[in-house]
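Peer 1:
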Amino acid sequence: MRTIINDFLAQVRNGYLRGFWWDEGRMAELGLQGRRYSGYDKCHEDSYFEGMMGTGVNEKTVGKSLFSLPGWLRDIGRCGLQDCYVLDMVNAHVVIQSRRHPLLATLKKYVEHREEVLASIPRAAGVTDKQARDSAKLLFIRMLYGGSHAEWCKEQGLSEDGLPAFAQQFELEQANARAKDMQEQPELVAKLRDTRLLGGEMHTVTDLLQYVLNTCEERRAIDLMCEALKKRGVEICAYEHDGLYLRSPWLNATDIKKLAEEACTYPVTVKACASYDRQALINELVSRATESSHAISASDWDFFDEDWEEIESLVHEARRAKLTSHDTYATLLMAEKQVSEQIPWPIHDLFKLPRLAQNYLWYDAKTSGWVEGGANGVSRLKDYITQMLEHRLSEYSLGDQLAASVTRRRDFGNKHFREGVESCLRSKLVCDDHFHLDPQSSLRYLNFKGQAWDRETESFVRTSPDMLISRCTGWVFEECTNTAGMEAVDRALAIIRDAQDERGLDVPSEVPEEAARILDDAATVFPELKFWFDFTREWEGVIYELTHLSRGLFGVQMAEALYVRGSGRNGKDTVCNACAKVGGTYVTSVSCDALSQIRNADSASPTFASLRARRVVCVREVSKDVDIIPEVYKRFTDPFSELSGRNLYEHLVTFAPQYIAFFASNGPIKVAMDNAVRERTAIIDHVSIFTDKPKEANDVQWVNMNQRIQGYRPGFFWLFRRIYHHLVRGRDRRNIGPIPLASIEQKEIDCAESRSDAFKEFLQCVEPAKKPHDATPQCEVDKTAALTCGLREKEVNLYLAGKGFVKIRRKKGSGNVYFYQYRFEVDGVKEEPQWVKISDKQASSLT
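Each residue of the sequence shown is one higher than the one before, counting from 493 in our numbering.
1. Count the other C-beta atoms from every protein chain shown that fall within 10 angstroms of the C-beta of W1024, then say buried if there are 16 or more, exposed otherwise.
2. Among P1000, Y1078, I835, F1182, which residue has its Cα nearest to the Cα of D1065?
3. Cutting at 6 Å between CB atoms, please list the residues of its own chain near L524, excluding the five before and the five after it.
4. If contacts are defined as beta-carbon pairs under 8 Å, then T965 and G1075 qualify, I think. What distance do you get, rounded to the angstrom?
5. Could you pull the start and end residues of the alpha helix (DSSP H) that V1124 belongs to?
6. Rounded C-beta distance between L706 and I803? I'm assuming under 8 Å.
7. If you compare alpha carbons, which of Y821, C923, F909, T823 is closest to Y844?
8. Please determine, among I1330, A1051, C1071, the residue with the shortest C-alpha to C-alpha distance to R1127.
9. May I have the straight-line CA-CA distance separating E971 from L1211, to the nearest angstrom?
10. With 16 other CB atoms within 10 Å as the buried threshold, where does K907 fall?
11. Going by alpha carbons, who is nearest to A827 out of E833, F940, I839?
12. Can you tell which of T823, H818, F796 has the C-alpha that lies nearest to the C-alpha of S805?
13. Where do the N-terminal and C-terminal ends of the beta strand (DSSP E) with G861 fall, by residue?
14. From the DSSP output, which residues share a beta bridge with A730?
15. Output the distance between the C-alpha atoms of V1109 and Y852, rounded to the nearest integer angstrom.
16. Give the secondary structure of D797 by DSSP, where H, G and I count as helix, E and B as strand, and everything else as coil.
17. Taking the straight line between their C-alpha atoms, what separation do you get for C571 and L701?
18. Put K749 into one of helix, strand or coil per three-state DSSP.
19. Have a look at R1107 and R947 and give me their C-alpha separation to the nearest angstrom.
20. Tell me, to the nearest whole angstrom, how far the beta carbon of P1160 is from that of D1274; I am working on the premise that it is less than 8 Å.
21. Do H818 and R527 have their beta-carbon atoms positioned less than 7 Å apart in this structure?
22. Determine the DSSP secondary structure at Q671, reduced to helix, strand or coil.
23. Which residues in the same chain have their Cβ closer than 7 Å to the Cβ of M959, if we skip the five residues on either side of it in sequence?
24. Using DSSP's beta-bridge definition, name the partner residues of D1191.
25. Would you check if the region 564-582 and the region 763-773 touch, i.e. whether three or more CB-CB distances between them fall below 8 Å?
26. Could you compute how far the alpha carbon of N1092 sits from the alpha carbon of N939?
27. Judging by CA-CA distance, which residue of R1302, S779, E798 is the nearest neighbour of W564?
28. Please report the distance separating the alpha-carbon of N1062 from that of L1038.
29. Name the DSSP bridge partner or partners of Y1291?
30. Pop quiz: T1146 and S1136 are said to be a contact at Cβ under 8 Å. What is the actual Cβ separation, rounded to whole angstroms?
31. Over the uninterrupted beta strand (DSSP E) stretch that includes I1330, give me the two end residues.
32. Determine the contact status of L929 and W862, defining contact as a CB-CB distance below 7 Å.
33. So the candidates are S539, P1206, Q677; which of them puts its Cα closest to the Cα of F969?
34. Identify every residue that forms a DSSP beta bridge with I1300.
35. Any idea what DSSP makes of R1138, helix, strand or coil?
36. So H1178 and T1028 are in contact, right, with Cβ under 8 Å, and what is the actual spacing, rounded?
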């Protein structure tokens, strides 16, 4: 519709659309005058219309009147025009025939009471459709030309018994009228038989005779009206079969109607274009457009394209351009607002060429995700080039009876043409260095093949290129249907949230008895929940592990890795597989050996490159003998750090980690411990051992969970969603809390640093000072710490700061002296900060 409208607008000169008129060919062959049709043909050699063709307007619309368009679209084009009128003969062919056969009773009744007769048809047939009147009108026109009410009923899906007897009587009288005309026009009938003009809706000479007789009289009446109107200064702008499109600054609609009826003696209607209901026409336009395309909604019509004239000018230029004018076509493609209805985004939003790269970053509309590099990006762009140009520059024609046909241009599929246009597009698609896939803003979304789960609104939105998402779950979302289990779990999680809010997140985790009882019952009917319980056998552990995985899957960044430990056959790899089944390409696995071989956190490792834009990274095969460099571990687990790597195409990739590191470990953590490593580490133990023949207390009957995970996927995702909703959302923390007591105790053992015993010994050397002036100066405390902990003097300050010692400056005499404050522990509870002094016993021993 956009193309057709703009082809007509391009032909408007000084407010006028000039038409080229020719007489109906079938009537001309008979030596008679019939209806006039619009449209220019090159054989006429008219310089004005030849010039129109040279502008790039579709040739089949040159010289066409708006009458060649559907009525609602034609009326939009004329809406609001002053001094313009549309004149129509009322019920033209029926009235003409009634004057030829004045004794036909049914015909007379139809002419005199048409609205009443038309209303009786849908009412009798039980039809209430808004187009029922038009359908009923078509019934009588068909019977006028040899059609039957039976055929009409079959097309409409109605029973013949529902029609009033009047319709059958009308059909019978029409047969008699046609027979009479055949007898009274022998010469014309003979000519019709000789010329072989049958075709279209005229199947017999009898039908064609009716058309010729009615059309001749219609043309005579139109010519009489034209002659009379021209004498009064009325401008005939267009011929419309049984009507006219007029312009008259002097006569109003009433004057024109009276003048026309006096000239031709037939009833007419005259309607002023200025009185058209603009909003009703726009509603009709939207209705027609949305009828034919599910991709369009009424809200889409609220958008106004400021650049439409410029774009349509490009279209006309491209229509007349040679295939070697590659840049012209590239410019048009860059201006287009969408590739197609199925891909409703412009080409420059789908392809980006990094400044230093050779391959495109491109958006794959089939998977709704961005793709990095590779030749497939060029292939997809070439496909879009052909698809868009074939659609936009296709040739079309408007038939005489409001029928349109489209002929696609196949020359846009030429190999050299596509390569030429693509080469011109490359320079237009270069992006700046700030363009990156999967930025922080994309963390709120989880892409399900075109539908993205938005963690902020907890609802689905359509995945679009501007989200810059390159990962996908790999499955179309399915809702979990285990209503009973879901309601119970949701209730239990709400209780747990309330308990955590009341107790705080820094005390050991404790699931309330009521919540534990609900979860126990739910696990019997909700196998996806029992799947997680079987690993830890306590709900505190289940909640802690699921909370970590949920915050990872939904992109909540924390500088904390999760170590899931067990001696073997504890389900660690099964958890990794379950995460991969839910998260698709958001989840990946790396071998711990590959991680331990990275000796420098700044090295551009292929292992690091594979971790970009992941949400869960499963580090598998963590053996007891594998050591990870502390600096590598810190960088690997901290979302506020930066990793570098080289991808498949040897491009340097730099990114911030967006994932939770999930270590599937068979033993204690093998990282040189310090405070930073300890704070980045969480531990959960899988206590069950899955075996074919359970013997021990912690043995569990093995089942092939990998076969069940596919079916559990909707339930798993529901669990992650609800854990996020209740226990993660709205909590801005660096670490997940509260922590199960077993995990706290195990972390104290596993994450104890190498100097932990020496530090405890140092704490025995210091004590709280009763008064500020009793405190020991910092320099003397540092010497004691260096001797006790085996530290170099320049390391002491940072080491003690990491342990909670705070340097404070105080005046002493004429100068300033630094002292320490520290929160000493009494009966397992940290006191308020106190001044630090070296104990008397330690002081004497040092002396």
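All C-beta atoms, glycine included, are put in the ideal place defined by N, C-alpha and C.
Note that this is a predicted model, so its numbers are computed, not measured.
Peer 2: The answer reads as follows:
1. The residue given as residue 1024 occupies position 532 in the sequence shown. With 16 or more Cβ atoms within 10 Å of its Cβ, W1024 is classed as buried.
2. Taking the sequence shown and counting its residues from 1, one reaches residue 1065 at position 573. It is F1182 whose Cα lies nearest to the Cα of D1065.
3. Against the sequence shown, residue 524 aligns to sequence position 32. Excluding residues within five positions, the ones whose Cβ falls inside 6 Å are C708.
4. For the purposes of this step, residue 965 is taken as residue 473 along the sequence shown, with counting starting at 1. For the purposes of this step, residue 1075 is taken as residue 583 along the sequence shown, with counting starting at 1. Going by Cβ atoms, the distance from T965 to G1075 rounds to 6 Å, so yes, they are a contact pair.
5. Numbered from its first residue, the sequence shown carries residue 1124 at position 632. Counting along the chain, the alpha helix (DSSP H) containing V1124 begins and ends at 1122-1129.
6. Here residue 706 is taken as the residue at index 214 of the sequence shown, counted from 1. Here residue 803 is taken as the residue at index 311 of the sequence shown, counted from 1. A small fix is needed here, since residue 706 is Asn in this sequence, not Leu. Not a contact, Cβ separation roughly 45 Å.
7. In the sequence shown, counting from the first residue as 1, residue 844 sits at position 352. The residue you asked about is not Tyr; residue 844 is Lys in the sequence shown. Closest by alpha carbon: C923.
8. Taking the first residue of the sequence shown as position 1, residue 1127 is located at position 635. Out of I1330, A1051, C1071, A1051 has the C-alpha closest to the C-alpha of R1127.
9. Taking the sequence shown and counting its residues from 1, one reaches residue 971 at position 479. Taking the sequence shown and counting its residues from 1, one reaches residue 1211 at position 719. Going by the C-alpha atoms only, they are around 11 Å apart.
10. Here residue 907 refers to the residue found at position 415 when the sequence shown is read from its first residue. The residue is exposed, with fewer than 16 neighbouring Cβ atoms inside 10 Å.
11. For the purposes of this step, residue 827 is taken as the residue at position 335 of the sequence shown. Taking only the C-alpha atoms, the option nearest A827 is I839.
12. For the purposes of this step, residue 805 is taken as the residue at position 313 of the sequence shown. For S805, the nearest C-alpha among the options comes from T823.
13. The count along the sequence shown starts at 1 and reaches residue 861 at position 369. Its beta strand (DSSP E) spans residues 861-864.
14. If you number the sequence shown from 1, residue 730 lands on position 238. Paired residues: Y737.
15. Stepping through the sequence shown from its first residue, residue 1109 is reached at position 617. Stepping through the sequence shown from its first residue, residue 852 is reached at position 360. Spanning the two alpha carbons is a distance of roughly 27 Å.
16. Residue mapping note: residue 797 aligns to position 305 of the sequence shown, counting from 1. D797 falls in the coil class under three-state DSSP.
17. Along the sequence shown, one-based indexing puts residue 571 at 79. Along the sequence shown, one-based indexing puts residue 701 at 209. C-alpha separation (whole angstroms): 38 Å.
18. As a position in the sequence shown, residue 749 is number 257, starting the count at 1. Helix, per DSSP.
19. Counted from its first residue, the sequence shown places residue 1107 at position 615. Counted from its first residue, the sequence shown places residue 947 at position 455. So the two alpha carbons sit approximately 14 Å from each other.
20. Start at 1 with the first residue of the sequence shown, and residue 1160 comes out as number 668. Start at 1 with the first residue of the sequence shown, and residue 1274 comes out as number 782. Their Cβ separation, rounded to whole angstroms, is 32 Å, which puts P1160 and D1274 out of contact at 8 Å.
21. The residue labelled residue 527 in the question sits at position 35 within the sequence shown. The residue labelled residue 818 in the question sits at position 326 within the sequence shown. No, they are not a contact pair.
22. Position 179 of the sequence shown, counted from the first residue, corresponds to residue 671. For clarity, residue 671 is Ala in the given sequence; the question names Gln instead. In this structure, A671 counts as helix in the three-state DSSP scheme.
23. By one-based count along the sequence shown, residue 959 stands at place 467. Answer for M959: S934, Y937, A944, listed in chain order.
24. Taking the first residue of the sequence shown as position 1, residue 1191 is located at position 699. DSSP output for D1191 lists I1181 as bridge partner(s).
25. yes
26. Taking the sequence shown and counting its residues from 1, one reaches residue 1092 at position 600. Taking the sequence shown and counting its residues from 1, one reaches residue 939 at position 447. N1092 and N939: Cα-Cα distance of roughly 33 Å.
27. As a working note, residue 564 is residue 72 in the sequence shown. Minimum Cα distance to W564 is reached at S779.
28. Position 570 of the sequence shown, counted from the first residue, corresponds to residue 1062. Position 546 of the sequence shown, counted from the first residue, corresponds to residue 1038. Rounded to whole angstroms, N1062 to L1038 spans 16 Å at the Cα level.
29. Stepping through the sequence shown from its first residue, residue 1291 is reached at position 799. Bridge partners of Y1291: none, in fact.
30. The count along the sequence shown starts at 1 and reaches residue 1146 at position 654. The count along the sequence shown starts at 1 and reaches residue 1136 at position 644. Between S1136 and T1146 the Cβ distance is about 5 Å, and since that is below 8 Å, they are a contact.
31. Walking along the sequence shown from the start, residue 1330 turns up at place 838. 1326-1330 is the extent of the beta strand (DSSP E) around I1330.
32. Translated into the one-based positions of the sequence shown, residue 929 becomes position 437. Translated into the one-based positions of the sequence shown, residue 862 becomes position 370. Yes; because the gap between Cβ atoms is below 7 Å, this pair is in contact.
33. Taking the sequence shown and counting its residues from 1, one reaches residue 969 at position 477. With distances taken between Cα atoms, F969 lies closest to P1206.
34. By one-based count along the sequence shown, residue 1300 stands at place 808. Answer by DSSP bridge pairing, in chain order: F1311.
35. Here residue 1138 is taken as the residue at index 646 of the sequence shown, counted from 1. Three-state result, R1138: strand.
36. Counting from 1 along the sequence shown, the entry for residue 1178 is found at position 686. Counting from 1 along the sequence shown, the entry for residue 1028 is found at position 536. Going by Cβ atoms, the distance from H1178 to T1028 rounds to 6 Å, so yes, they are a contact pair.
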